[in-house]
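Engineer: Can you keep this structure in mind? I'll have questions shortly.
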Amino acid sequence: MLEMFEKDDTDMQAAGPDSVPLVQYETLRKEFEVIQERLSQAQASLEDSRAAEELGDEKCEEGDAESTDALREKLHGLEEQLASSKSELEELKEQMRLGVLSVESVEGNIAAAVAGAAEEGEEGEEDEEEEEDEEEDHSESSEPSLMSEHSRRLLAKVREDLEVARQEAAQALDCLCAEREGRAQDALQLKDAVPLSKHEEALSALSEQVAQAEINAATARFNDLTRKHEKTCTEVFQ
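So for the sequence shown, numbering that gives the first Met the number 0 puts the first residue at 0; every next one is plus one.
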């Protein structure tokens with residue numbers, strides 16, 4: 000019986016590194032910084048285009064100037080929406096991080112429970128050597144039953160925490176998708192003949208790509224970590 004507990008503890012330790020998301024999260028953060036750099040370059044290019052347009056449009060009518068100002072106000076609104084979207088993405092990543100840490104905490108409790116059960120099993124075997132054969136058989140048949148029930152409860156708790164984290168991530172993702180769709184509709188309305196509108200559409204499209212890439216990458220990594228945690232828990236109680 001002691002050998003079985005030691006084997007469970009060894010399997011759990013071997014599976015531990017797969018459940019640590021810090022390295023993957025750091026990689027995701029670096030990828031997002033690269034995308035932000037590309038966005039900054041696009042904004043710088045837009046500013047250059049604005050300066051060139053101002054030099055070339057000195058002879059434009061007053062009505063054209065007012066139209067350009069209106070487009071610039073819309074562009075400012077899009078930039079504010081992009082900043083808001085980035086903030087929401089950070090909140091989503093924080094929720095995912097907290098969900099993973101919660102699962103790791105539960106997994107640590109499982110490890111402690113298994114270690115405690117192994118120690119109790121070792122002490123029980125020492126006592127059984129001094130008892131009658133009939134009592135020894137009874138003890139050996141009852142202990143696995145108690146351990147099995149305890150393991151099932153712990154596994155159910157792990158799955159419950161995973162489900163809660165998954166639902167929170169799904170709700171945040173739905174909210175971001177709904178807002179992104181609304182911003183896309185606003186961008187489609189900017190079909191003006193003024194050249195500045197093309198730059199605004201490019202900036203809006205880039206902001207959509209940033210949000211979509213972050214959401215897809217974060218969701219994929221979260222699902223992968225969820226599968227690894229479930230696999231780890233299953234191996235612990237086999």
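Here a beta-carbon is modelled for each residue, glycine too, at the ideal position from N, C-alpha and C.
(1) Closest to D173 by CA distance: which of D223, Q40 and N215 is it?
(2) Rounded C-beta distance between R165 and T225? I'm assuming under 8 angstroms.
(3) List the whole-angstrom C-beta distance separating A168 from F221, where the pair is believed to meet the contact cut-off of C-beta under 8 angstroms.
(4) Using a threshold of 8 angstroms, state whether the C-beta atoms of E162 and F31 are closer than that.
(5) In or out: K73 buried (at least 16 other Cβ within 10 Å) or exposed?
(6) On the criterion of 16 or more Cβ atoms from any shown chain inside 10 Å, does A50 qualify as buried, or is it exposed?
(7) Count the other CB atoms within 10 Å of the CB of V33; is the residue buried (16 or more) or exposed (fewer)?
(8) In angstroms, rounded to a whole number, what distance separates the CA positions of E89 and A155?
(9) Around the C-beta of A217, are 16 or more other C-beta atoms found within 10 angstroms, so that it is buried, or is it exposed?
(10) What separation, rounded to the nearest whole angstrom, lies between the Cα atoms of A69 and K230?
Structural biologist: Reading it off the structure:
(1) Here residue 173 refers to the residue found at position 174 when the sequence shown is read from its first residue. Out of D223, Q40 and N215, N215 has the C-alpha closest to the C-alpha of D173.
(2) Reading the sequence shown from its first residue, position 166 is the one you call residue 165. Reading the sequence shown from its first residue, position 226 is the one you call residue 225. That belief holds up - the Cβ atoms of R165 and T225 are roughly 7 angstroms apart, short of 8 angstroms.
(3) For the purposes of this step, residue 168 is identified with residue 169 of the sequence shown, where counting begins at 1. For the purposes of this step, residue 221 is identified with residue 222 of the sequence shown, where counting begins at 1. That pair is a contact at about 6 angstroms.
(4) In the sequence shown, residue 162 corresponds to position 163, counting from 1. In the sequence shown, residue 31 corresponds to position 32, counting from 1. No; because the gap between Cβ atoms is not below 8 angstroms, this pair is not in contact.
(5) The count along the sequence shown starts at 1 and reaches residue 73 at position 74. It counts as buried.
(6) Reading the sequence shown from its first residue, position 51 is the one you call residue 50. The residue in question, A50, is exposed, as its Cβ has fewer than 16 Cβ neighbours within 10 Å.
(7) Your numbering for residue 33 matches position 34 in the sequence shown. By the neighbour-count rule (16 or more Cβ atoms within 10 Å), V33 is not buried but exposed.
(8) Here residue 89 corresponds to residue number 90 of the sequence shown, with the count starting at 1. Here residue 155 corresponds to residue number 156 of the sequence shown, with the count starting at 1. Their backbone Cα atoms lie some 30 angstroms apart in a straight line.
(9) What you label residue 217 is simply residue 218 of the sequence shown in a count that begins at 1. Label assigned to A217: buried.
(10) On the sequence shown, residue 69 is found 70 positions in, with the first residue counted as 1. On the sequence shown, residue 230 is found 231 positions in, with the first residue counted as 1. Taking the straight line from one Cα to the other gives about 56 angstroms.
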